[in-house]
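**Q**
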Amino acid sequence: MVWALYLVAIPLFLLALLVVPRLWVALVPGVVLMVNLGTMALLARTRTIAWRSMTVAYSVGVAWALLTAAATTVVAGLGGLSIEDDGAMVGLAAFVEEPAKLVPLAVVAVVAPGRMRRLAAVDWALLGFALGAGFTAAEDGVRRLQPPGLLESLLGESRFSYSLNPWGSGSYSMPLSDAVSVGHQVHTMIVAAGVGLAIALWRRRGGFRVAAVGLVALMLAWVIADHAGWNATVAWSSWTVEGVEGMPWWITLLWFLSLWGQTEALAAFILFVVCQLVDAHRRAWAGVYGWTLPGVPSFRYPRLERVPAWVRPVVVGAVAWAGYARSDLALVVSAYGDLRWGRVWAIIGGREMAEQVRGVRADAMAQAAVGGEPGARRRFALAAGLIGVGALLVCVLYGLWTAQAIGPSMSGEGDGLFFASLLDVLGQWWADMGPLAQILFTAWAVALLLAMGGSFAFALGAAGVLTWLLGHGRGLAAFLRDPRSAAENYFTTVTPGQFLWDIADFALTFVPGSALGLGTQRTARMAYEALATSRAARTPSHLDEMAELFAKHTDATTAWHADKARFTEITAQYGIEVKSFSGSNLQKTIEMLEAKGVDVNTLDELDELTISIRNGGNEMRQTAERVGERGGMHHLEAEGYYTPDAFHTPQGAKGPGPYHVDGFAMSRNGDELIIPEYKGGQSTYNPNKTYTLRQLDPSRSAPQGTPDYTMDRMLSDERVIQHLHDHPDLWQSIKEGRTSLRADVYQTPIHGETSLVHSESFSPSPDFIAKMEQKIAGFG
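Every position in the sequence shown, counted from 1, becomes a number in this note's numbering once 2 is added.
(1) Alpha carbon to alpha carbon, how far is VAL362 from ALA378?
(2) Measure the Cβ-Cβ separation of ILE253 and ALA227 and say whether it is below 7 Å.
(3) For ASN690, which option in GLN706, LEU698 and ILE676 has the closest C-alpha, if you only look at C-alpha atoms?
(4) Does the separation of the CB atoms of MET367 and ARG120 fall below 7 Å?
(5) In whole angstroms, what is the alpha-carbon distance linking ILE572 and GLY659?
(6) From the DSSP secondary-structure annotation, give me the bridge partner or partners of ALA667.
(7) Could you check the C-alpha separation between ASP330 and HIS637 for me, to the nearest Å?
(8) Take ILE723 and list the residues in its own chain whose beta-carbon comes closer than 7 Å to its own, dropping the five residues that flank it on each side.
(9) In terms of DSSP beta bridges, what is VAL182 paired with?
(10) Restricting to Cα atoms, I'd like to know which of ASP340, TYR338, ARG328 and HIS283 is closest to VAL317.
(11) Please name the residue, chosen from PHE764, GLU266, GLY196 and GLN749, that lies closest to ILE736 on a Cα-to-Cα basis.
(12) Could you check which residue in ALA46, GLY672 and GLY654 has the C-alpha nearest to that of TRP323?
(13) Rounded to the nearest angstrom, how far is the Cβ of GLY351 from that of ALA337, given a contact under 8 Å?
(14) Is there contact here, the segment 100–112 with the segment 125–143, by at least three beta-carbon pairs under 8 Å?
(15) Going by alpha carbons, who is nearest to THR48 out of TYR693, ARG285, ALA574 and ALA230?
(16) Using a Cβ-Cβ cutoff of less than 8 Å, which residues in the same chain neighbour VAL372 once the five nearest sequence positions on both sides are dropped?
(17) Per the DSSP calculation, PRO705 is bridged to which residue(s)?
(18) Suppose contacts are defined by Cβ-Cβ distances below 7 Å. Is VAL62 in contact with CYS277 by that definition?
(19) For ILE578, which three-state DSSP category applies?
(20) Cα-Cα, which of VAL113, GLN358 and GLN187 is closest to THR138?
(21) Tell me whether the beta-carbon of ALA214 lies closer than 7 Å to the beta-carbon of LEU222.
(22) Indicate whether SER173 and SER165 have their beta-carbon atoms separated by less than 7 Å.
(23) Suppose only complete runs of 4+ residues qualify. What are the alpha helix (DSSP H) ranges in the segment 180–242, listed by chain order?
(24) Can you find the residues in the same chain that come closer than 8 Å, C-beta to C-beta, to ARG328, ignoring five residues on each side of it along the sequence?
(25) Whose CA, out of LEU551, THR612 and VAL602, lies closest to the CA of TRP562?
(26) For the segment 620–628 against the segment 577–597, are there 3 or more C-beta pairs whose distance is under 8 Å?
(27) Measuring CA to CA, which of GLU755, GLU775, ALA772 and SER179 is closest to VAL290?
(28) Could you pull the start and end residues of the alpha helix (DSSP H) that PHE97 belongs to?
(29) Give the straight-line distance between the Cα atoms of VAL197 and GLU247, rounded to the nearest whole angstrom.
(30) Could you check whether the Cβ of ARG54 sits closer than 6 Å to any heavy atom belonging to the ligand PLP?
(31) Suppose the cutoff is 8 Å on Cβ atoms and the five residues either side in sequence are ignored; what does the same chain contact list for VAL629 look like?
(32) Can you check the segment 232–318 for any alpha helix (DSSP H) of at least 4 residues that lies completely inside it and give the ranges in chain order?
(33) Report back the beta-carbon spacing between GLY82 and GLY401 to the nearest angstrom; my notes put them in contact at under 8 Å.
(34) Cα separation between GLN697 and GLY672?
(35) Do TYR303 and VAL280 come within 7 Å of each other at the CB atom, strictly closer than that value?
(36) Count the C-beta pairs between the segment 662–676 and the segment 642–654 that are closer than 8 Å, then say yes if the count reaches three, no if not.
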């Protein structure tokens, strides 16, 4: 369906390029920045957010740019300024646009705090980049819609540089000047990366929290200063020398320290790297939550005893980043290269593996999100709301004061440096199109939104809002500049028919379809659902249980080896070598020592060691069986299978014993039955070792996990026989082939790492069916 929509959208797009004036010129920034966003996604080897979340943020950035422009115009009007004034262009643009670009992130943090507080630091940087890239695409795209003026004719339409370098796209420099303006994506990424790192610092407590607040404040002040400094330089290149009345001193200082904007791109790159090092360090400390699958390329950390304490986290982060990047990539590439079921399934498997790897990273990041739920989530939402609103208000009020202080004191015409001054351009461009081009553009927008995953109602609604804004752009700009005069002019000139049409136009665009009886589905949650990633998580309760079991297994193993060493030490004093620690051999050894006249105390100690060795061995085996069962059963539960109570080993009880199945797992709809073999601890699957088929054919043998072995153990296990006796419909479904059978072998060598090492589907043999029929008939 999606590809079919793209097949519709692409021809419409090509046709629109021919019909809609200057559309191809305006789309250059958006296309290149989307490629840049993909580059950032590939470089971010610690990200946990999905590509869809990044593209949604990019799209939100485009739409938000228009709203920010409108809001800036309103603020300028409230302060008695015109958007053409130098004060508004220099002061208000920087102080409103820079914090406003981060408002969508703050809104999502309030609405979905549980996910946002678990983001990786690089996720914040990526979302900031995406929002800023959308702003750049909108601003420069609108600027390109108007025919080139004198300045554009002299400098060329490509004066804003766009390339495959994400940090360089949208940059602009002037002849005979050292000043540089980077794209909005760099500005927003710097602040968002600062937020991500600040969250990591805040969790360290103490003085780190002061550093966290200072970091975000510094990043925001820096980008505001560079934005204002650049706009001032374009308006008056000598402002740093001759001074500007009303320009805050700290803006001049930061503009000078940043080398007139030349260091911003480098700083954004460094922050991007630091975010990934912090994330890799957090994943390394997350332990089992950061693991993927057995068999991936492993890595070891260097010895750090002689390394200064402040350097160690950097080394650990760098080694972990390189190691995890390699192992994650190897895992995904191997999935794409698995051609056992054909190329299509290999592609599907590769995509699913990539999602799983991202899920593991998200699990690791979640471990750093300290605090109990739901209290921590509510505190995060409250803090995000208060800080976001507070920072925005402070910036807007301070920016308005700065703009009023500067006033019209600077000279220079400019060319639309201020997005709020470009709303008229949108309206004029739309009006110049003509009906055919407008219809074509709207159809292309609907098809594109559908292809990108939006519902039909959402696509129509979004395209409708866009075209309404375009159609009313000039009037909207006039209203925002002077609401009273615009309203008086409208009501004194509008005809009754035009007034009714405008009401209908507004209602059909903005009133929800459900209110008009035009739709039945609600889309309120779509904004934050797009930022949520669905993943299979390792549950803390299961990992705690496994850790406890492995601790018991380790204690039993350590004690067992210590007892054996002590027994060997004593017997060696009397020239006896112990070759086997079986109970019978140990007893024979004690009898030999007794015959040699060894003292009673030594013999008593050996008797106690014999009992301890026997009990320790039993404890080792039982805990290993328990580990294997819980690990394998949890794996099956995660896949949607359930195990009947009869096949659960009670806490502290012995396992099912020899000649029994280890487990019995059913799919929820009853179409598949799995007979698993569980291996825990040091117990491993050996396909070369065979076992006698006591029920099927005692003259033959088969390895574990094979159909014959599995069917033989099913015939030997009274639990299986009773279950099939109590569920005759299941047995009938197995005989008729409606319920398939599968033999799996699961290994759990360490806690948190369970893997499927063998799997084989099979059909019940006639001999098995006949013998199971007899067992069921004779049961009870």
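Even for Gly, the Cβ is constructed at its ideal location relative to N, Cα and C.
**A** In this structure, then:
(1) Note on geometry: alpha-carbon atoms of VAL362 and ALA378 lie some 22 Å from one another.
(2) In this structure, ALA227 lies closer than 7 Å to ILE253 by Cβ.
(3) Nearest Cα to ASN690 within the set GLN706, LEU698 and ILE676: GLN706.
(4) Contact annotation: MET367 and ARG120 have beta-carbon atoms nearer than 7 Å.
(5) Rounded to whole angstroms, ILE572 to GLY659 spans 34 Å at the Cα level.
(6) DSSP links ALA667 through a beta bridge to ILE676.
(7) Near 21 Å, if we compare the C-alpha coordinates of HIS637 and ASP330.
(8) Leaving aside the five residues that flank ILE723 on each side, the residues in its chain whose CB is nearer than 7 Å to its CB run, in chain order, LYS777, ILE778 and PHE781.
(9) Partner(s): SER175.
(10) Ranking ASP340, TYR338, ARG328 and HIS283 by Cα distance to VAL317 puts HIS283 first.
(11) The residue from PHE764, GLU266, GLY196 and GLN749 with its alpha-carbon nearest to that of ILE736 is PHE764.
(12) Minimum Cα-Cα distance from TRP323 among the listed residues ALA46, GLY672 and GLY654 corresponds to ALA46.
(13) That pair is a contact at about 5 Å.
(14) Taking 8 Å as the limit for Cβ pairs, the verdict is that the segment 125–143 does touch the segment 100–112.
(15) Among TYR693, ARG285, ALA574 and ALA230, the Cα nearest to that of THR48 belongs to ARG285.
(16) The answer, listed in chain order, is ARG205 and ALA378.
(17) Beta-bridge pairing links PRO705 to THR692.
(18) VAL62 is not a Cβ neighbour of CYS277, given a cutoff of 7 Å.
(19) Here ILE578 sits in coil by DSSP.
(20) Comparing Cα positions, the closest option is GLN187.
(21) Taking C-beta atoms as the reference points, ALA214 and LEU222 fail to come closer than 7 Å.
(22) Judged by beta-carbon spacing, SER165 lies beyond the 7 Å limit of SER173, meaning their Cβ atoms are not closer than that value.
(23) Listed in chain order, the complete alpha helix (DSSP H) runs (minimum 4 residues) inside the segment 180–242 are 186–204 and 209–237.
(24) These residues qualify, in order along the chain: PRO299 and PHE301.
(25) Closest by alpha carbon: THR612.
(26) The segment 620–628 is not in contact with the segment 577–597.
(27) That would be GLU755, whose Cα lies nearest to the Cα of VAL290.
(28) Note, PHE97: alpha helix (DSSP H), 95–102.
(29) Roughly 33 Å between the two C-alpha positions.
(30) Summarising the ligand content, the structure contains no ligands, and the ligand PLP is consequently not present.
(31) Around VAL629: MET548, LEU551, PHE552, HIS555, GLY682, GLY683, THR750 and HIS753.
(32) Counting only runs that start and end inside the segment 232–318, the alpha helix (DSSP H) elements of at least 4 residues fall at 241–244, 251–259 and 266–287.
(33) About 14 Å; that fails the 8 Å criterion.
(34) The alpha-carbon atoms of GLN697 and GLY672 are separated by roughly 26 Å.
(35) If you check the CB distance, VAL280 and TYR303 do not come in under 7 Å.
(36) Three or more pairs of CB atoms, one per stretch, sit closer than 8 Å, so the segment 662–676 contacts the segment 642–654.
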